[in-house]
Structure formats: C-alpha cells, structure tokens
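*Asks:* One structure, as structure tokens, below. Some questions next.
Residue numbers (our numbering): 184 to 385.
Shown next, in the form of structure tokens:
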C-alpha cells in the first residue's frame with residue numbers, strides 16, 4: 184500500500200511527523216494508519232518533556248509508536264478526524280473524534296495540526312463517551328493559540344458528533360480490520376519537511 188508522511192505544523196514549524204499507510208483515498212476523505220512500531224518525531228521543550236502548544240521553543244525527538252494502531256478517516260471539509268484505536272491483532276479498543284485543522288495534502292505529505300481535544304466513544308451503542316484533554320484545550324483557547332475562524336467551525340454538540348461518527352462507523356470498522364505492514368521512512372526522506380534536522384532520521 185502507498186505510504187505518505189503525516190505532519191503537524193505549528194507557526195510554520197514542524198511539530199510532529201511520522202510515516203503512515205494510506206488505506207483509502209477518494210473525493211470525500213482519506214484513510215490512513217499510524218502503526219505500532221512506526222518511527223515518530225514529536226515536539227519536546229527545553230526540559231525534554233512533550234511540548235505544549237504555547238511553547239516558544241521546541242525541538243523534535245524520535246520515538247517508536249507503541250501499543251496500539253491508530254486508523255483515521257478524515258473528511259477533507261472537516262475539522263475532525265474519525266479515529267479507531269485497535270490492538271496489534273486489529274481488535275477495536277475504542278473510537279474517538281480528534282479535533283484538528285483541515286487537512287492539506289500535497290504529493291507525499293498529509294499536513295494538519297492537532298487541536299488538543301478529543302471526543303472519546305467508549306461504547307457507541309450505549310452512548311458511553313467522554314471528552315479528553317478539555318482542560319488543555321480551554322487553556323490553549325485562553326492563550327489565543329487558535330484563531331477565531333477555526334474555533335467557530337468546531338462542532339461541540341455531542342448529539343451531532345455521535346451522528347456524524349455513526350455515518351462512518353461501518354467503514355471505520357472495515358478499514359481498521361486490515362492487516363498492514365508497519366511503514367518505515369525508506370523512500371520517504373524527500374517528503375520530510377526541510378526544517379527537520381536530517382540527523383534525526385538518516
């Protein structure tokens with residue numbers, strides 16, 4: 184299957200990137216997976232901790248994606264990615280809606296930025312759900328990290344979110360069940376953003 188680089192960009196600087204496997208791509212959405220064992224590169228602050236989005240300075244640190252596969256279905260017109268967390272045998276653990284900037288897709292690259300807010304669905308059939316990282320999201324809003332246009336477009340109504348998830352659930356179940364080879368960076372170096380220190384991955 185095709186591989187691409189997923190990037191998160193904050194203030195025109197790379198915040199996160201990793202290789203992903205493309206499962207489906209049509210006029211309405213793209214589906215990709217971050218697999219257990221994949222190399223990831225994420226922002227750390229000057230203390231070596233994962234950086235917060237109001238950090239003035241950060242560098243990238245390499246790690247390996249562990250424990251769970253994450254399959255995303257992301258509509259091109261949405262500020263949400265519909266995610267499935269599954270174990271290495273593709274057994275579904277839970278679903279969640281990841282709030283993020285609208286995707287920008289170029290040759291070899293999927294770019295977005297996480298908005299640090301998730302709507303986690305523990306059991307779709309019994310309406311068991313909760314918000315994750317709401318305090319962090321509200322903190323970042325208070326720091327004016329997100330522009331007003333983005334905030335105005337975020338859907339926070341739980342009923343609408345559950346209904347929108349329901350329209351994709353059957354497809355998500357199929358996509359998350361696929362057995363995939365863990366992607367590596369071989370052959371993808373030319374798509375890695377220029378601001379990334381090449382010594383991290385070469």
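Backbone N, C-alpha and C define an ideal beta-carbon position, used for all residues, glycine too.
(1) Confirm, please, whether the CB-CB distance from residue 326 to residue 237 is below 7 angstroms.
(2) Rank 264, 366, 227 by C-alpha distance to the C-alpha of residue 351 and give the top, closest one.
(3) Once DSSP output is grouped into helix, strand and coil, what is the label at residue 193?
(4) When the Cα atoms are used, what is the spatial distance from residue 284 to residue 307?
(5) Rounded to the nearest angstrom, how far is the Cβ of residue 388 from that of residue 188, given a contact under 8 angstroms?
(6) Pick out whichever of 313, 290, 239, 329 has its Cα sitting closest to the Cα of residue 344.
(7) Counting only runs of 3+ residues fully inside the segment 229-259, write out the beta strand (DSSP E) ranges in chain order.
(8) To the nearest angstrom, how far is the alpha carbon of residue 385 from that of residue 379?
(9) Can you give me the Cβ contacts of residue 273 inside the same chain, cut-off strictly under 6 angstroms, excluding the 5 residues immediately before and after it?
(10) Between the alpha carbons of residue 381 and residue 310, how many angstroms are there, rounded?
(11) Suppose the cutoff is 6 angstroms on Cβ atoms and the five residues either side in sequence are ignored; what does the same chain contact list for residue 271 look like?
(12) Counting only runs that start and end within the segment 277-357, where is the alpha helix (DSSP H) found for 4 or more residues in a row?
(13) Can you give me the start and stop residues for the beta strand (DSSP E) that residue 266 sits inside?
(14) Which of the three DSSP states, helix, strand or coil, is assigned to residue 374?
(15) Give the DSSP-derived three-state secondary structure of residue 225 in the structure shown.
(16) Below 8 angstroms on the Cβ atoms is my guess for residue 197 versus residue 366; work out the distance and round it to an integer in Å.
(17) With distances taken from CA atoms, which of 281, 383, 292 is nearest residue 339?
(18) Apart from the five residues on each side of it in sequence, which residues of its chain come closer than 6 angstroms, Cβ to Cβ, to residue 249?
(19) For residue 203, is the classification buried or exposed, using 16 other Cβ atoms within 10 angstroms of its Cβ as the cut-off for buried?
*Replies:* With the structure as the only source:
(1) yes
(2) 264
(3) DSSP places residue 193 in strand when its eight states are reduced to three.
(4) 25 angstroms
(5) Since the first residue shown for the chain is 184 and the last is 385, residue 388 is missing from the structure and cannot be characterised.
(6) 313
(7) If we require 3 residues or more, the beta strand (DSSP E) runs fully inside the segment 229-259 come out as 242-247, 252-258.
(8) Their backbone Cα atoms lie some 11 angstroms apart in a straight line.
(9) Closer than 6 angstroms at Cβ, skipping near neighbours: 360.
(10) 46 angstroms
(11) 219
(12) 317-325, 331-336, 341-349
(13) Residue 266: member of the beta strand (DSSP E) spanning 263-269, first to last residue.
(14) helix
(15) Shown here, residue 225 sits in a strand according to DSSP, grouped into three states.
(16) Actually they do not touch by this definition, with Cβ atoms about 18 angstroms apart.
(17) 281
(18) none
(19) It is buried - the Cβ of residue 203 has at least 16 other Cβ atoms within 10 Å.
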